[in-house]
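Reading the sequence shown from the start, the letters are residues 3 to 104 in the numbering used here.
Where a beta carbon is used, it is the ideal one built from N, C-alpha and C, also for glycine.
In this text, all values refer to a predicted model and were calculated from it rather than measured experimentally.
Working notes, beginning with the structure itself.
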Amino acid sequence: MSKGREETKRERERDHYWEKLRLRASERRMSKGSEETKRERERDHYWEKLRLRASERRMSKGSEETKRERERDHYWEKLRLRASERRMSKGSEETKRERERD
């Protein structure tokens, strides 16, 4: 196997590992919180599962990813980052309200 293919295989394995960790974290979050946040977590969990499936498909590929696939992955990573930033600011407001309520 060429060096380039071996590197992409390792990258896919690493990415798959992180997708599995994200899915586990999502499952833990599913068991916490109010009904509104529960719906949000269910939606997030759904997307985490889809990402894991995509990661599994990449794992099964023997050849290098195409340029289009890398561009698509980069686009989704940017969207995920923006969504994560929104959740972070929203989450801090929710926890602040919960502390005030208690």
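Does the distance from the CB of residue i to the CB of residue j come in under 7 Å?
i, j, result
"residue 53", "residue 21", "yes"
Given this structure, state the Cα-to-Cα distance separating residue i from residue j, to the nearest angstrom.
i, j, result
"residue 51", "residue 88", "20 Å"
"residue 8", "residue 37", "45 Å"
"residue 1", "residue 84", "Any property of residue 1 remains undetermined from this structure, which presents the chain solely from 3 to 104."
"residue 55", "residue 48", "11 Å"
"residue 39", "residue 25", "17 Å"
"residue 2", "residue 18", "Since the first residue of the chain shown is 3 and the last is 104, residue 2 is not available in this structure."
"residue 41", "residue 11", "36 Å"
"residue 29", "residue 71", "28 Å"
"residue 91", "residue 23", "22 Å"
For residue i, does the count of other Cβ atoms within 10 angstroms reach 16, so buried, or fall short, so exposed?
i, result
"residue 43", "buried"
"residue 86", "exposed"
Excluding the five sequence neighbours on either side, which residues of its own chain have a C-beta within less than 7 Å of the C-beta of residue i, listed in chain order?
i, result
"residue 16", "none"
"residue 46", "28"
Leaving out five residues before and five after residue i in sequence, what residues of the same chain have Cβ atoms less than 6 Å from its Cβ?
i, result
"residue 31", "43"
"residue 60", "14"
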